[in-house]
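Take a look at the structure below.
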Amino acid sequence: MAARGRSRGRSAPAAAAGTPAPAPVGAAPRGRGRARGVPAAAEAPPTQQLAAMNIGAQAAAAPAAPAARPSGGVRERGSRYAQIVLRPENLETTQGSGGRPMDMLTNYFQLTIKDAQPFYQYHVTFLPAMDNLKLRKALMYQIPELTNRHIFDGNLLYTPLKLQRLEFDVRTRRDEDVKIGLVLTQEVAQGSDQFIQVANILMNEIASRHMGLERIKRDYFNPNKSITIPQHKIELYPGYEFSIRRYSHSVLLGLDIKHKIIRTDTALEFMNSIMQRTRGNQTEIAKELVGAIVMTKYNNKTYRVDDVDFNTKPSDEVELKSGRISYIDYYQKNYDITIRDRNQPLLIHRSKTKIQGNQVERQIHLVPEVCYMTGLTDNMRSDYRIMQDLAQYTRQDPEKRHKALLGFRESIMESGAATEKLNSWGLEMSPEILDVSGRQQPPENIVIKNGGTFPCDARKESFDNITRKNFVISSAEINDCFTVVCTAKDTGAANTFLETVAKVGPACGINIRGGNIVTIRSDRAEDYITAIRTNEAAPKIVVCLVPNNKKDRYDAIKKHCCIDQPLPSQVLVTKNLNPKKAMSVVTKVVMQMNAKLGGELWSVHIPMKKVMYVGIDTYHDSGSQRSVGGFVASMNDLCTRYFSKTTWQPSKQELISQLEVCMTDALKQYHSTNGLYPDRVIVFRDGVGDGQLLAVKEQELRDIKTALSRLPKSPELVFVVVTKRIQQRFFLKQGSRLTNPPPGTIVDTKVTRDELFDFFLVPQSVGQGTVTPTHYNVLEFQTTLKPDHIQRIAYKLCHIYFNWTGTIRVPAVCQYAHKLAFLVGQSLHRDPSPQLANLLYYL
Amino acid sequence: MIPVIRQDPRFADAEDEDEYQSRRSNPLIRDNRTCRLKEVESSDLVKFEPPLYIQRYARVVEHCKTGQYRTIADFGTAELTFVQYLKNLDFVNQIFAVDIDRNLLNSQKHRCRPQMFDHLNKRSEPLNISVLCGSVLEFDSRLHDLDCICAIELIEHLQKDDVEKFSAALFGRYQPKNVIITTPNKDFNVLFEFEPDQMRHWDHKFEWTREEFRTFCEGVTTKYDYKFDLFGVGDPPSEHQTVGPCSQGAVFTRQASKLGSSSLEKFPTEVYETLYSVDYPVEDKSLTPDYHLTNEIIYQCNQIGIAEYQEQGDEISVISIAHLQTFPSIDQYRVSDAHIAELARATEHLRVMEDGLSILVQNVPDSPSAPYCGFSDENNDSPSAPYWGFSDDENDGAGPSYNYHVGAEELW
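For the protein sequence lines, the chains are A and B, in the order given. To get the working numbering, take the position in the first sequence, counting from 1, and add 1133. To get the working numbering, take the position in the second sequence, counting from 1, and add 623.
Pasting the structure below:
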């Protein structure tokens, strides 16, 4: 959506000069979204041409125009609220009806205007022309009629007042006389794009001016209520993320509770710690700091660290336009800050700025002593102590969350100025959060051996107990064709492993017993690989017992077994074979080994046959400049066998460019397995941001369609974008209490959007906190299926991820695609061997 | 730190790109030097680095430091720029920022709110900043008997008739212990090659020569119980020594250490409107050094532990206290190894070896109740272990989100 931002700047001066730009014919309805439910402005605005200059129309007229330099609040945000229609055409309804109805609340406040009074949009001209934006804004305060009830971006003025007088004489501080002329361009109706825009600006002003919140990026935090976690040098600021949007029901203010993590150590302290820890290893320091965001003490700005300069010290001099000065003196003179450590290395930030149209790279040196670290490092993120301590505060159950949401409204009501601001625009915020109805789908039965079924624990939506039964649908013929590689020290553990395998494997119905052990001299990766390569037993799968979680070794083993010598492999940390855990761990491992070799563990009952389910996800490779796309397609009606392929695209690009090839290969494979092509293809695409939906629809969907159209009879196609990181939360009303909605909850009203075919699904249950639903956005629905069907299928597919005896947050195909992309991006960095394509080796 | 290159030197003093561009393109401004938005304080002949206004602020701050003034008012505060300097002085308890321009104050008042780093790096002394709107010719009892009142480049904006009233209010009624006044030195203007009667700023009602300023200061001291010292900011180029400094100033010091108790000014007369008032975060003094040191020890041990876990997969790390003592952040407390051992023993997560020389830290949770913990292939899927191993929690999608899931969006 970023590309839709378009400055009105170019046409505005033309209008001011008396030659209004012509209205882009026919473009307005799409951009403004008037076509859907929102009545067009009842009366024609006085100047038709000028009216066409609103954001929506312009965006639609030139959707691909690059965003101009933003200089006013209204201008920049225009793009965010223009809503693109992505809903498949010719749909009767996007709502389902099956399931048990439930009453819930959701984290939205309804926003209405008293008496549906419109706002007014005026175009403003200054005579003589005023180029200084700040000055223009300041002069507007001299118009007495406005009484501060206006939003002005330099060209357009929004106000709830209908002005009688349209010409004003004002005077600058330098006693220059200026004439301000207003032209009413449009009445802004409740629910229109401009209304949404104005409402957002107002709420942002209220949050930052009247509620004492600090804005960080798009969210607002309250530093006065900070929570200190001193042992981690972390402070947590509670806060909110909110946005006002038009939903199918009405205009809603979506509110989410957030916590900002702030670190209290300076870059210098942080560097000193690494310095001591690594005993002066400069590479380590650079590794930990590059990419980090630091915040400077003196101007509150944030910079990304691009490099660490160990050869420059604060006592060195830098060339400024006025001459040479040392960093120490510079800070002393300019900011009255005394740099204490004269020998610290400096941080380098590089930025590209435009100076008179030319791209110039600027390099900024920062002194670590005056920079605060922000965010968590990878190391901190992988530290359970930190995450546990954070979770204590960040994870709030529905009751607490509800209270915090109402607290937001209360603090608006308590602030006289905030209430006055809302009142002066006639805006009303509902006192309670929004009611929403949901439907709970019936619990699924797990399909096991010989068509038998096994019930899911309805409350937790898990089926752990399944492993106590002889359940697997089909077993890979492993028998004794597997090798355990371990160091001599771990032979005891290896024997335990073999014994336990022989016990638990057959109990689950997996044909595995025996196996041989190969001991190696050391726990170096090369020794494992040599042992695997020279093993004469020719096993079907190799199990590596490793002493710890060291990543290089894991990567090396996986690289060897996925590329050089295609062979399913299982890596296991020896420690887990201790007597307390051995049984349950080995059970999981045996199930996993079975799945890796093409055995089928369990399934769910899906009446529909001849469907190919496809999962797509991307992973941004940590080291290289590319990102990996994982593509996984189901090959049988039970959804137990899968074909997979990986693709590569330039770094940070979410879109997958080779989908046509992937899809064609998958269809071929489906044909060779089943002797026919699927009747339906249902694609679940994970890892797409809101802003990329249009691009996904235009590129990926097109590629898939091209591949399908080559078949003798083109299958029906459903394409769904799956999003996990969303703002919406649902709270189930249970008497006077609020709890998490049960697994299987579907919501497809009120908080869904008119321009989309979307729904929310809660597939899992959480032990603590509030469950995050998963958002499904159907971009293509060329099928005889009904919305109910796709909702149920989505839920069913959440049950059949072989690494988890329960439901997961996304359909299994998505999780498989994620696992594949993750393995390739993190460990392999190259395409895995095509010989493995029909196995779940990436589990 | 590298200044933006501005091709047109006439507007090189523009504060930002917006101003530079608009001044460059505005025909009204382009050919009329007097119409500049900013005060003229440099020319082809003289340039100051840092800019003169910063030098001036620094000089006044220097006086405040020397005097350790705790209560300070800034008269004619405008964009509250000088307040930004004052608030960093750790001994200051109260700052009043006073100006008559309500619109300007309303648009700028939030500049003095505590910034993120003020919350992180809390002050040891409390500080309140109040933004007040009103005329400096009037009297507000809240500002009576302050340690210092600064009037930086203010007096020349007053009508000549009002200068006397200003002195009366300032020295006669407010009676602060110190007053710092700065104003342009007209003698210096020859270096700007001004036209006759031209002044440095469009709003200046007058500019004083050094002699005129001295006369004003002497007038004050004869009338009120103060003495004064002159100072200058912005030395002239060596070949023009005779013109004196670009900006001239005086520090006035009240002679009576205590004011008479009969003073009428005791009665509260709050004529200034408070537009904004904010208290700065203050550090909690009840926390002992041992408390801070304990946290430092836990932090460093965790950092070492998690790094070793990441690199070598060590689930338990042994850290020698002697090594910890080499960390500047721990060394600064100057305590014995035995004391560190004692503090570590008292924590929940750290253990101390029997010899008392090393600390043990556990890098993975010790929870036998987590049945699926840690297969190597499984780090991403095991519910109890989603956060270590090679998991990228931003993308975790499966069952792993069960127990320890903090929404990735809640992190930076």
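Glycine included, C-beta positions come from ideal geometry on N, C-alpha and C.
Residues bridged to residue i [DSSP beta-bridge criterion]
| i | result |
| --- | --- |
| residue 1908(A) | 1856(A) and 1893(A) |
| residue 906(B) | Its beta-bridge partners do not exist; DSSP assigns none. |
| residue 808(B) | 831(B) |
| residue 873(B) | 804(B) and 853(B) |
| residue 981(B) | 943(B) |
| residue 1693(A) | The partner list for residue 1693(A) (beta bridge, DSSP) is empty, contrary to what the question assumes. |
| residue 1247(A) | Bridge partners of residue 1247(A): none, in fact. |
| residue 1312(A) | 1260(A) and 1302(A) |
| residue 1578(A) | 1588(A) |
| residue 916(B) | DSSP output for residue 916(B) lists no bridge partner at all. |
| residue 670(B) | Beta-bridge pairing links residue 670(B) to no other residue. |
Cβ separation of residue i and residue j, assumed to be a contact under 8 Å, to the nearest whole Å
| i | j | result |
| --- | --- | --- |
| residue 1982(A) | residue 1851(A) | Residue 1982(A) is absent from the structure shown; chain A starts at 1134 and stops at 1976. |
| residue 894(B) | residue 752(B) | Contact doesn't hold; Cβ gap of about 19 Å is too wide. |
| residue 798(B) | residue 877(B) | 7 Å |
| residue 1335(A) | residue 1554(A) | 7 Å |
| residue 815(B) | residue 866(B) | Between residue 866(B) and residue 815(B) the Cβ distance is about 10 Å, and since that is not below 8 Å, they are no contact. |
| residue 1582(A) | residue 1566(A) | Between residue 1566(A) and residue 1582(A) the Cβ distance is about 47 Å, and since that is not below 8 Å, they are no contact. |
Distance, residue j Cα to residue i Cα
| i | j | result |
| --- | --- | --- |
| residue 1898(A) | residue 1592(A) | 8 Å |
| residue 664(B) | residue 675(B) | 7 Å |
| residue 1704(A) | residue 1732(A) | 18 Å |
| residue 1457(A) | residue 1443(A) | 20 Å |
| residue 1472(A) | residue 1448(A) | 9 Å |
| residue 1602(A) | residue 1821(A) | 39 Å |
| residue 1960(A) | residue 1407(A) | 26 Å |
| residue 1722(A) | residue 1327(A) | 57 Å |
| residue 976(B) | residue 968(B) | 10 Å |
| residue 1193(A) | residue 1251(A) | Reliability fails at residue 1193(A), whose pLDDT of 33 lies under 50, so the model's placement of it is uncertain and the value that follows must be treated cautiously. Answer to the nearest angstrom: the Cα atoms are 23 Å apart. |
| residue 1579(A) | residue 1587(A) | 5 Å |
| residue 1291(A) | residue 740(B) | 36 Å |
| residue 1308(A) | residue 794(B) | 32 Å |
| residue 748(B) | residue 905(B) | 6 Å |
| residue 1654(A) | residue 936(B) | 19 Å |
| residue 1779(A) | residue 735(B) | 54 Å |
| residue 1246(A) | residue 1556(A) | 9 Å |
| residue 1333(A) | residue 1283(A) | 14 Å |
Exposure of residue i, with buried meaning 16 or more beta-carbon neighbours within 10 Å
| i | result |
| --- | --- |
| residue 1273(A) | buried |
| residue 1350(A) | exposed |
| residue 1207(A) | At residue 1207(A) the pLDDT is 35, less than 50, meaning the model places this residue with poor confidence; the figure from the coordinates comes in the next sentence. Per the 10 Å Cβ criterion, buried. |
| residue 630(B) | Note on residue 630(B): pLDDT 48, under 50, position unreliable in the model; the coordinate value appears next. The residue is exposed, with fewer than 16 neighbouring Cβ atoms inside 10 Å. |
| residue 1428(A) | buried |
| residue 1804(A) | exposed |
| residue 1302(A) | exposed |
| residue 1906(A) | buried |
| residue 1295(A) | exposed |
| residue 699(B) | buried |
| residue 792(B) | buried |
8 Å Cβ cutoff, residue i in contact with chain C
| i | result |
| --- | --- |
| residue 820(B) | The chain labelled as chain C is not found among the protein chains of the depicted structure, namely A and B. |
Q) Within the chosen definition, does the segment 1530-1549 of chain A reach the segment 1238-1254 of chain A through at least 3 CB pairs nearer than 8 Å? A) The segment 1530-1549 of chain A, when compared against the segment 1238-1254 of chain A, does touch it at the 8 Å Cβ threshold.
Q) When the Cβ atoms of the segment 1860-1867 of chain A are set against those of the segment 1814-1829 of chain A, are three or more pairs found closer than 8 Å? A) Judged by Cβ distances under 8 Å, the segment 1860-1867 of chain A makes no contact with the segment 1814-1829 of chain A, as fewer than three pairs qualify.
(Q) So, does the segment 712-723 of chain B touch the segment 689-699 of chain B, judging by three or more C-beta pairs under 8 Å? (A) Judged by Cβ distances under 8 Å, the segment 712-723 of chain B makes contact with the segment 689-699 of chain B, as three or more pairs qualify.
(Q) Quick check: the segment 718-738 of chain B against the segment 749-767 of chain B, are at least 3 beta-carbon pairs closer than 8 Å? (A) The segment 749-767 of chain B and the segment 718-738 of chain B touch, with no fewer than 3 CB-CB distances between them shorter than 8 Å.
Q: Check whether the segment 1483-1492 of chain A touches the segment 1385-1392 of chain A, taking contact to mean three or more Cβ pairs, one atom from each stretch, closer than 8 Å.
A: The segment 1483-1492 of chain A makes no contact with the segment 1385-1392 of chain A; the number of CB pairs closer than 8 Å stays below 3.
Q) If we count Cβ pairs, one from each stretch, closer than 8 Å, do we get three or more for the segment 1567-1575 of chain A versus the segment 1254-1261 of chain A? A) Pairwise C-beta distances place the segment 1567-1575 of chain A out of contact with the segment 1254-1261 of chain A, as fewer than three of them are shorter than 8 Å.
Q: Check whether the segment 1617-1633 of chain A touches the segment 1960-1976 of chain A, counting contact only when three or more Cβ pairs, one atom from each stretch, lie closer than 8 Å.
A: No: fewer than three Cβ pairs fall under 8 Å.
Q | the segment 1421-1436 of chain A in contact with the segment 1490-1505 of chain A per 3-pair CB rule at 8 Å | A | Three or more pairs of CB atoms, one per stretch, sit closer than 8 Å, so the segment 1421-1436 of chain A contacts the segment 1490-1505 of chain A.
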